[in-house]
Structures are given as C-alpha cells and as structure tokens.
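Some notes on the structure that comes next.
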Amino acid sequence: MTDAHQIEEYFRKILLPTIIFNLYEIGTSINDFITAIQPYIKSVSKWLTQYLDKNSKSKLFNIDKIEGIEPSVWSNLYGLIGKMDILVSISQLVNKYTRGIVPLELKTGRHSCSNSHMAQLILYTYLISASNKNMKSNNGYLIYLKDEPKTILVPSNEHVFRDLMISRNEFIQYVHQFEDVKEISNPDELLIKGPLPIVNERICNNCERLPDCSLILKCFDSKYMGDQKFNLADESTAHLDESDMQFFKKTISLLELEKRHQSNNDMSEHFWNFSSEKCESSLIGLSKMQIIRMDSGFVTFKRSSKAPMPSKLFTLNKKQIVNYSQFEGRRVVLSEEIADSTKMFNVYGMYCKRLCIAEGYVKKFSEDLQFIDVFLNDDDNNVGLESGSNKIYRLDFLNNQTNKVMAINFSNILRLMILDDKSRELRDIIIRGRFPSHNTNTCIVPSISNLFNSSFLSNLNGQQKRAVIGVLRTKCSLIYGSPGSGKTQTIVALVQALAKLGYSTLVTSFTHVAVDNILLKLMQTDSVQSKEIDFVRIGQKSRINPDLKEYSDYHRIEKWLENGDLSSLESFYNNIPIVASTCLGVASHPLFFKRTFDFCILDEASQVFLATSLGPLFVAKNFVLVGDQKQLPPVCGNRVARQHGLDESLFYRLLTFCDSNNVLANSDPDVAFERFEDYLINKNSVTIDSVRIFPLFIQYRMNRVIMELSNNITYAGKLRCANKNVELATLRCFLSEKGDPTGSFEKSYLRKAISSNLDDSVIFIDTDRVVNACENVSDSQTDLQVDGEIVSNKNCGYVYNDFEAHLIVQLTQTLMAVYQKGGLTLSDIGVISPFKRQVIHLRELFGEEFVKQYKLEINTVDQYQGRDKEVIIYSCVKSYFKNDDDNSPKLPNSAIGVVFSELLKDERRLNVAVTRAKKKLIIIGNRSSLKHYSPFQKLLTSMQPHQFVKLCEHNYDDLLDTLPKNLN
DNA sequence: ACTCTGCTAAGAGGA
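1 is the number of the first residue of the first sequence in full-length UniProt numbering; add one for each residue after it.
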C-alpha cells in the first residue's frame, strides 16, 4: 500500500475513529484535519514507493524485515528508556555486504537535522545493542516528511553518546540535590527550584511557563532578587501581593513535602536493581511465569510450579491477608527471563533475555493465584511472546514515574496565581477571605414561594429548603452538613432546581464513591426518569458504579467514536446540563477546558485538599461547598505537612474566615416560612463577611441518646432529631415464649451492654480491670518474613487488641441471639476500629468467609465516613498496661501512650465513629488509658454513670475460648 | 507511632 489515496482511505477507515476524541480536544474538524495531513500522506506515499520498490535506485538501504513498530527499549545498564518509531533489518546499498538493525525516526517538522534529532538516534543505537545480545546497531536514519521526504543517515558515535550521558548525569545530580530524603521538620528548609533560570528575554517572553517560573524563582531563589537580569520575573509577578506570595510559597512547600512522602513509599522504581525473588517479596513483581494463552493483547500467565508461590510469600500469620485485587489494574512491564536464573545472577537486567519488552496492566488474578491475566498495550501486541513454550517471563509493577495527582495540585496552585479575572476572584476569596460584595450571583430565580411549592423540594425540611434556595442566589456558599442531615438529598434537590432553571452544573467530590452516591439518588428522581433532565458521569470506566453505566461518558460517546461523528460528540459535550466527575478528573477531560458551568457543587468538601478543590472552581461561575469540618480531613501522609496545615480543606479555610461559633449560633431551624425571603437577604441569615453558610443540623440518623453524646462532644447542642421516630428509635426485641431472652444474661455484663432501653443506647465497656485486655503490638518483623527477609507491612499496621476482638465476637453473637427475631441482621451491625490491624484481626476471628457471607462490615473509622448502621461497636484498642506479670499492679503507662497515638487524639475521628450509629453504640476501651486523650475525655465525661459497664474477672474468663458459632 | 484516595503515559515540534 504505497498509493496516497489508499493511505488516505486506510486512514479514514481505521485510524480516524481512534482520534475523534483528540480532534474534539484540539477543536479541529475532520475536514480541516485531513487537509492538514494531506502533504504528509503524499510524502509517506513517496517514501514508501522509494523504499519498498526492489528496483528503485534512489534509496540508501533495502528493508529486509520490520522488527518492530513503536518498540520500547529499556536499559538498566544506561538507565534509559526509549520508544522508537520503527525498527528494521536492512542491507545497506553503499556497502552491499553490510546488514544491520537500524531505528527509523519520523519527523514532521522542517528538515533541521538538529542536534537533538541526531542525538535521539545515537541513543537508540546504544539502547538496541544493550537490550539484546543478538542485536547490534551501528546506524540510524532520520526521515523528514515535510514537503519532500528526506532520509538521512545518522551513524552511531561514542563521543556523542559519552557527552550525552555526562550531561544526563549532571542533570540528575542537579535535580537530586533538592530531593534530600532526611527528615525535614520545617517546610522553610525545603529547597525547591526549577531548572537554572534562563536569562534570555526573547526566549522567556515567549514562554508560556514564564509566570510559573518567575514565581518559583521569586519565592524560592531569593538570591536572584534585585538582580537586573531578572526584571522579567518581577514584571510577570507584579499582579500578586505579599499575601499571595506567602500563600503560594507555603502551599507549594507543603505539597512538595507530601509529594516526597508519597514517592518515598514507592518501591516500584527499585525493580531494576532487584532479583525477581526480592521483587516478589517486596510486592513489586512476579516472576518465573509461562504464557499459557495469548489472544491479541490479552495474555494469561501461569506461575511455574517450581517457583515459591505468592500465597506463601504474601501471608501474615499463615493466613492470607494481602488482597490481590489491589494489584488488579496495576501497570506492569513484562520481561523475558533466562531459564533457571536464580543461581546465576543477582541484577535484574543480567538474567533477562529481553528486558521490558512490553507494557500493560494486570486484569485479574485467579482464585488460587496461579493464573494472571494481563492486557498489553496496543503497541506491544507483536513483540514475539511465545505461549506454550519453555520461555519464562516476569512482570514488574510500575508506578507512575510522575505523580500525576501532585502535578494536578501544583498546577492548580500555579493557575490560581496567574493574571486573569477568574484567578483574581478566587485569590480574593481563598487567600484573603474577601468575598464578593453581597455575594449574590446573576442567576434568575423565580419567587421563593414558587420554588417552595416545587415538587423536588417537597421532601426537604426547612433547613434544607433554605439551603437550596439560598445557594441558588449566592456566588459562593457553604452547606455545613452534620452527620445524617440529608446532605445528599439536599444536593439532589439543588441539582434538579438548577437544571429546571436552565443552569449548567458541575457535580463533584474527591472520591468516585461520593460522586456516584449523588448520581444514584439523582437517577431515581422523576425529572431524570422522565428524561426531563440529563447528566453525564466523566471518569475511568472501571471506577464508575456499574449502575450508572448508561450515564457514563464512555457509554454515551461510544457510538460517535465508532462512526467518527465528531459534531454529535461536540454538541453532546457542549450542551449536557449536568456533568459529574471527581475533582481530579476535572484536570484530565477536555470537556472542562472548553466549558464554564453556572454552578459547581463540591460534596465532601472538607475532605479535599485545598489545591485539589480548585480544579472544579476554575470552571464554574458560582460554587457551593458541602461538608463538615468536624469530620475527617483530607488524607495527608507527611506529618510535617499535616502539622503545617496541608490537611486544611478549602471548606475549613472559608469557614475559619468567619466565626464558626457564630454559624452554630445562627442555625435556628424554626424560621417561619413567610419570613423566608427576609431571612435570606437580611440580618437573620448567617452572613459573615458576606459568606453564606447554610447549616443542616436536623438529622435523621441517630436516636436522642446517641445524638446527645455527639452534641456534647462535637456539635455544641445544635443537632436535632428530625422527628419522634428518629428520636426514640431503639432495637426491636420480640419476646419468645420463654420470656425475655436477655434474662439468661442476668448476671453478665452482656445484659446491660445489649439492652434495648433508649437510655442504654450508648454503652462504654470498660476493660480497666482486665489484665488480658491490653493492646497487642504485632511485631512486624516476625509476622512478615520471607526466607529471613522482612517484607513490607505498611498495608496492615501493627496495633491490635485480641481481648477486645473476642469481646466483639461475643457481643455480636449475643446481639443476634436477642434481636434477630426483631429483624436485626448481621449487615445492620458495624464494627469499627481506628486501627487497620485490628480490623484485619477481627475479620480473621470472625472468619473471612463468614464476614463475606453475612455482609458483616468490619472497617476502619476512615472507611466508615459517610455510612451508618443500626448498631455500631467501636474497638478503641489502645490500653496501656504492663502485661508481663499478672500479679503486678496494673498501671497505666499513659505518659508514653498519650504522646503516641495521633489517631486517637483526633476529635474528628472519634466524632465520625460515634455518629455512625442509629440505635445502639457500644464502645470498648480502657477508660483510664483513654481519658488521657482529650476527645475521649470529653466522651467519658459526657456519658451517664449508668452507661458504663465495668468488666470484672468472672465476666471474661471464658471469653478467650469464644469462637463464632451459631451466630445466626 | 500508622489513618489512605486520587491519576493512562509519553511523545508530538518550535526557538
């Protein structure tokens, strides 16, 4: 196929559908695009005629065989990765006896023969020779396609190669000096630098990165300040004041700390230097596998029976705890090993016959972990893998070489700093807490009474209605939604209201689950069912709840991609009124580069990094943040960054610009409806510095006793039960013929613990007097060992409490025995602990199978955020006793303990744990230890004396033998 | 002193 028309035909049929989405992204029509590539098609056609015709004289070489199209070459010898355009075997015509393997590199620009182009090919020749012992490459060719095709020989050159490597090493050294891994206690000590500043006005003035570069220079390279040469940096940052610069410097430093923290935890980059055994034990690779099935890009591997099985490698206390699904979806690189490599070599590349021959991702592990399904990248379809042969392969997990998430955070902060109206507006709000005067938006909203009577508001309570109507009129507002207050319902009503008024809305949250929660409710509404309003869910296919499939981006646009219908695709994206995505997803879909939404609704806003939440705000005229700063903050791994406030969300920041006590004081739920308009505009509304805050404190979850506890600890008495049903809800117990089933527990702690009296809805089981109830610290070094080597255990923690776990099994057993007839199921019981290791321990004790079968949910507090259960059992774990001698006095070792557990010190975490329960909350812990943590101190003092159950010796002596039996 | 979710990736070329 050398004819230009044939090539164009092939292009239209085969390639065009694959780039429709990209055409939308760059805003080019199909015709314009075809016109633009016409000259290149001609050029390619000419080149092919020239080089594929046997008799043609005007060529430099004969192509004998195509060795690869876009093949990858990885070299651990040089520390380089490359991806060539084409690799071919040729016989040279100048010297008829020379045969060889050469890389061909296509270029669409002018025939520059630039140093960088030649250098690229020289690097490839070395990479090819290093990657395969049977290949040697001495030359490469540049093929320029602009105007007339032109082929240029680039001979390999060791001097050039050496100079390139030296430059590379110098660059790496420059970069590495800023990445000091030692503990940094003050963000100001951080060295953050861009590349050495280029002082060239002509180049810098045309560079789109000039503002970013200048800012970093000004904030982090103060020695350049005042230097005439850097006037440009002063000019391009002139629109920023001192507070902007301070904010920028601080935020970037903290994000950098967090970024380094994350990359420190990532072992994957080490696979270059590890033996395959070491990779397996470090959970970064799998080795000694054969291919048993291969179907285009889909490959099934089988682990050799001689190799130690991963089920042995990945165990904890002989029970398998590694969840293999965490590896599904991971990117991998595939290499061919030399058979029986174990004894001969230690370094990765040396015993690989072919190194990193393909990339792809893990699809699935079989139950017995013997079979692993892998999808290879499209480009790597044809790399000479053999199924059924004796060839042995290994897979190494790749992490992103660049931390995309942090890149998004950095670029959001940089964008906040640019000279632009939207950025200026957001800077005023976010950095200075200066809100637009009156803080009203331009939305045209019908009269309050009309809205009030609309069907989508009919199920809302007064506070919720006020929030919806208030948000509609406000430029930036907060909805302060306490636990169980119907945030999602309010958001769904708001989305409907906006859609019916003809405004476009971006619905977003940090996690996929939170986004989908809103959409699942929205999907049920009449207005969506009747197709009156429509929405699309942007995001990775695998992350979207399957129930939302028909609203997902990939499903909606599939047909247009197939028929190459660009205009339908465009008009769909331009007109769909409601778009939903994660906050980070906003950074990577072209829809968001093109559209501005009338409103942005950011749910769970108190759990999103400030930097991350900016993404959606840039693309919306008005926004509302929905959250509760009394619940868990964003996840921030680095301690120093956390202490300096990286875990302060935008929601939290905006709230602290006002007086949050004032907010609580103004949350009167009983405002008369007829005065509603007055309420929104005038003194009665909560407007401090014109921030509108709409509190939702009427809750539908906790009964009165549980709610009062939460009110005492956290919400300053502002929570209210929505109605009598909520207020008085207790567990239902049907009496059997034999009488009160709790009777048999007359003398036991259990009778009180599981009592269904409203007043007993909160129970604290105090293990103070129980010697065995102290916490266990699993020694990770003995628990997780493989052939004497310590295995990473960061996924399972190490603090647990065996006694509390047994107690929970017994409690669960008893609860079921008593309340099952009243309708209680195991899925109504939630078991919570702050510590992951305790969660694992509990699951082991109940039995994985059992837990799965009866949907008993055992999880960490963090995982339980946003959920609720009829009954919550909370295992505090920490209990500071000397344990070695049963006769010794039981002394709290609290002085040490209090310093340590940051998890227990966090009031927000306790608040989340307490507010998950609807009817019954059982807390298990050691009172005298826990009282040293201020949140627990609050909890303990606000509970009634009768709510404590103090365990004594005779209560538990049989407990450690208790195993789950007859649970249902 | 132990809590954990986001993210396709790299190359494409000009001065």
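Don't be surprised by glycine CBs; every beta carbon is placed ideally from N, CA and C. If you're wondering where the values come from, they're calculated on a predicted model, not measured in any experiment.
Reducing DSSP to helix, strand and coil, say where residue i ends up.
i, result
"Asp428", "helix"
"Gly82", "strand"
"residue 969", "Outside the shown range of the chain (1 to 968) lies residue 969, about which nothing can therefore be said."
"Leu60", "coil"
"Lys13", "helix"
"Cys207", "coil"
"Phe410", "helix"
"Ala238", "coil"
"Phe609", "strand"
"Met294", "strand"
"Ala716", "coil"
"Asp421", "helix"
"Ala358", "strand"
"Ile469", "helix"
"Glu336", "strand"
"Val726", "helix"
"Ala4", "helix"
"Asp373", "strand"
"Asp526", "helix"
"Glu256", "helix"
"Ile392", "strand"
"Ser137", "coil"
Have a look at the DSSP bridge pairing and note the partners of residue i.
i, result
"residue 1045", "As shown, the chain starts at 1 and ends at 968. That puts residue 1045 outside it, with no answer to give."
"Arg99", "Ser91"
"Ala245", "Going by the sequence as given, residue 245 is Met instead of Ala. Looking at the DSSP assignment, Met245 forms no beta bridge with any residue, so it has no partner."
"Phe657", "Answer is none; Phe657 lacks a bridge partner."
"Asn622", "Phe599"
"Arg537", "Ser552 and Ala580"
"Lys107", "Tyr144"
To which residues of the same chain is residue i closer than 7 Å at the C-beta, ignoring the five residues directly before and after it?
i, result
"Glu737", "Per-residue confidence for Glu737 stands at a pLDDT of 49, beneath the threshold of 50, marking its modelled position as unreliable; no derived number is given."
"Ser45", "Thr2, Asp3, Ala4 and Ile7"
"Ser942", "Leu709, Asn712 and Ile713"
"Arg644", "Per the sequence shown, residue 644 should be read as His rather than Arg. Hits under 7 Å: Pro187 and Leu254."
"Asp862", "Leu632"
"Leu104", "Asp85, Ile86, Val88, Tyr141 and Ile143"
"Asp647", "Pro633, Pro634 and Cys636"
"Leu153", "Leu60, Asn139 and Tyr141"
Using a Cβ-Cβ cutoff of less than 6 Å, which residues in the same chain neighbour residue i once the five nearest sequence positions on both sides are dropped?
i, result
"Glu917", "According to the sequence displayed, residue 917 carries Ala and not Glu. Contacts found: Ile706 and Ile872."
"Pro155", "Asn139"
"Arg556", "Val536"
"Asn461", "Ile698"
"Glu208", "none"
Pull up the CB-CB distance for residue i and residue j, whole angstroms please, since I reckon it's below 8 Å.
i, j, result
"Ile444", "Cys476", "Not confirmed; about 18 Å, so no contact."
"Phe247", "Ile431", "5 Å"
"residue 977", "Tyr141", "Because the chain here runs from 1 to 968, residue 977 falls outside it and cannot be looked at."
"Pro211", "Thr251", "Wrong, their Cβ atoms sit about 16 Å apart, outside the cutoff."
"Thr108", "Leu145", "6 Å"
"Lys391", "Glu336", "6 Å"
Residues in its own chain within less than 8 Å of residue i by CB, not counting five upstream and five downstream?
i, result
"Leu520", "Asn545, Asp547 and Leu548"
"Gln50", "Ser56, Ser58, Lys59 and Pro149"
"Leu398", "Ser268, Arg330, Arg331, Val332, Val333 and Glu359"
"Gly823", "Arg732"
"Leu164", "Ala119, Ile122 and Leu123"
Heavy atom of the ligand ZN less than 7 Å from the Cβ of residue i, yes or no?
i, result
"Arg427", "The model on display carries no ligand, and the ligand ZN is accordingly not part of it."
Could you say if the segment 576-589 and the segment 465-484 meet the contact criterion of at least three C-beta pairs nearer than 8 Å? no
Practice problem: Examine the Cβ distances between the segment 758-773 and the segment 911-930 and report whether three or more of them are shorter than 8 Å. | Solution: yes
Taking contact to mean at least 3 C-beta pairs separated by less than 8 Å, is the segment 579-588 in contact with the segment 528-543?
yes
How do the segment 631-641 and the segment 904-913 stand: do at least 3 beta-carbon pairs fall below 8 Å, yes or no?
-> yes
With contact counted as at least three CB pairs below 8 Å, one residue from each stretch, are the segment 586-600 and the segment 512-519 in contact?
no
>> Counting beta carbon pairs with one atom in the segment 635-645 and one in the segment 611-622, are three or more of them shorter than 8 Å?
In response: no
Item to complete: Report yes or no: do three or more beta-carbon pairs, one from the segment 486-502 and one from the segment 606-615, lie closer than 8 Å?
Response: no
Given 8 Å, three or more beta-carbon pairs between the segment 26-45 and the segment 597-607 = no
* Pair every Cβ in the segment 455-466 with every Cβ in the segment 558-572, then say whether three or more of these pairs are closer than 8 Å. => no
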